[in-house]
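In what follows, a single structure is set out as structure tokens and then discussed.
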Amino acid sequence: RIVYLNGEYLPEEEAQVSIFDRGFVMGDAVYEVTSVLGGKLLEFEGHMTRLERSLRELEMVCEISREEWLAIHRELLKRNELVDGGIYLQVTRGNAGDRDFHYPPAGTPPTVVLYTQSKPGLANDPKAEKGIRVISVPDLRWHRRDIKTVQLLYASMAKMAAEKAGKEDAWFVEDGFVTEGSSNNCYIVKDGKIITRQLSNDILHGITRASVLKMAAEAQMEVVERPFTIAEAQAADEAFYTSASAFVMPIVEVDGVELGTGKPGPVSKRLREIYLEESAKTAI
Ligand code: PMP
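The sequence shown maps to residues 3 to 286 in UniProt numbering.
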């Protein structure tokens, strides 16, 4: 695989980062994942807008323009002949010279890494046909979940807990309400209404979430933005999650309780179809 590191395209074995890099020592880094279908980037503008916001919120300086980001993404697609999969992008605060809690001096260059991940047949994931099962875990993450940092240890722990329980994913619960999934935004459907938590610093502002809610409204589906509980989810007709890499994923079980018929519901299936169709139209 050919990867991008600080202005260079290199074989992955040759791409090396300092042991003093703040991303490595402090988890001082932000990231984005842009999906690729049929060789085209999905929701590119949305991901770059969120990247710029994450950088701004952390006072991290990275002087790469939108046009340059696009050129790097395109070059990686080409060099790796990527058809279906994604491009991972990470910006760290760079090499601090030594371990120090304080940010390095202004002008310290950030570390910029991008690489492709191939997932042939990404849009035809058999899991979407069957639906997935989730467990709930307490949300023990920090309170700036709106910033897309690489501090994903608790999300990893939640996914491992789900795996140990024989399920596919975990939902985070805080003060009795679901915040989001371990790496996705979540939704329930009750009496035709789509219910999902409103945006705040408690959740990541999903790029897929924004598009799916817009498409749902355009398709005359009713959307209510408010928190919901696990009990409410268990009594719902259906549930699903959204993320850049899984699009719209039906959920058929929450903490051991089967939802509705135990199969992906009509709203989830319809939204998945609409999303795949519509996002392909704006892919670049
Ligand atoms: N919440 C969390 C915690 C996530 O990690 C992700 C995926 N990056 C999402 C939500 C979904 O965001 P997006 O639709 O932009 O992938």
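Even glycine gets a Cβ: it sits at the ideal position worked out from N, Cα and C.
Since we're looking at a predicted model, the values are computed, not measured.
Contiguous alpha helix (DSSP H) elements confined to the region 36–124 occur at 46–59 and 68–82, taking only those with 4 or more residues. Shortest Cα-Cα distance from L124 to any of T263, S247, P252 and P266 involves S247. When DSSP reads this structure, A172 sits in a beta bridge with I137.
Taking all protein chains in view, the Cβ of R274 is crowded by 16 or more other Cβ atoms within 10 Å, so the residue is classified as buried. Runs of the alpha helix (DSSP H) spanning 4 or more residues and lying entirely within the region 156–234 occur at 209–220, in chain order.
Boundaries of the alpha helix (DSSP H) harbouring E279: P268 to K283, taken from the DSSP string. In the three-state reduction of the DSSP assignment, A31 falls in the strand class, which pools E and B.
Secondary structure note for E131: its alpha helix (DSSP H) is the uninterrupted segment P128 to K132. In the three-state reduction of the DSSP assignment, F26 falls in the helix class, which pools H, G and I.
At the C-beta level, I196 and H49 stay beyond 8 Å of one another. Taking the Cβ of G208 as the reference point, at least one heavy atom of the ligand PMP falls within a distance shorter than 7 Å. By the Cβ criterion, the region 238–252 is in contact with the region 201–215, since at least three pairs of Cβ atoms, one from each stretch, lie closer than 8 Å. Here S270 is near E240, since their CB atoms are less than 8 Å apart. Around the Cβ of L84, a 10 Å sphere holds 16 or more other Cβ atoms; the residue is buried. One thing to note: S245 has its Cβ no nearer than 8 Å to the Cβ of K150. When the beta-carbon positions are compared, I134 and V35 stay at least 8 Å from each other. Distances from the alpha-carbon of L154 to those of D23, Q18 and D30 put D30 closest. In this structure, R24 lies away from G99, with their beta-carbon atoms at least 8 Å apart. Counting the other CB atoms within 10 Å of its CB gives T263 a total below 16, which places it among the exposed residues. Note that the C-beta distance between A164 and E170 is below 8 Å.
Across the structure, Y90 and Y117 are spaced so that their CA atoms are roughly 5 Å apart.
Excluding its 5 nearest sequence neighbours in each direction, H145 has C-beta neighbours in its own chain below 8 Å: N203 and D204, listed in chain order. Per the Cβ contact rule, the region 73–82 is not in contact with the region 171–187 (fewer than 3 Cβ pairs under 8 Å). In the assembly as shown, S281 is a buried residue. Its beta-carbon has 16 or more other beta-carbons within 10 Å. Of the heavy atoms belonging to the ligand PMP, none sits nearer than 7 Å to the Cβ of I253.
Relative to the non-hydrogen atoms of the ligand PMP, the Cβ of E182 comes within a distance shorter than 7 Å of at least one.
Short note on I286: C-beta not closer than 7 Å to any heavy atom of the ligand PMP.
Inter-residue distance for I190 and F242 is about 7 Å (C-alpha atoms, whole angstroms).
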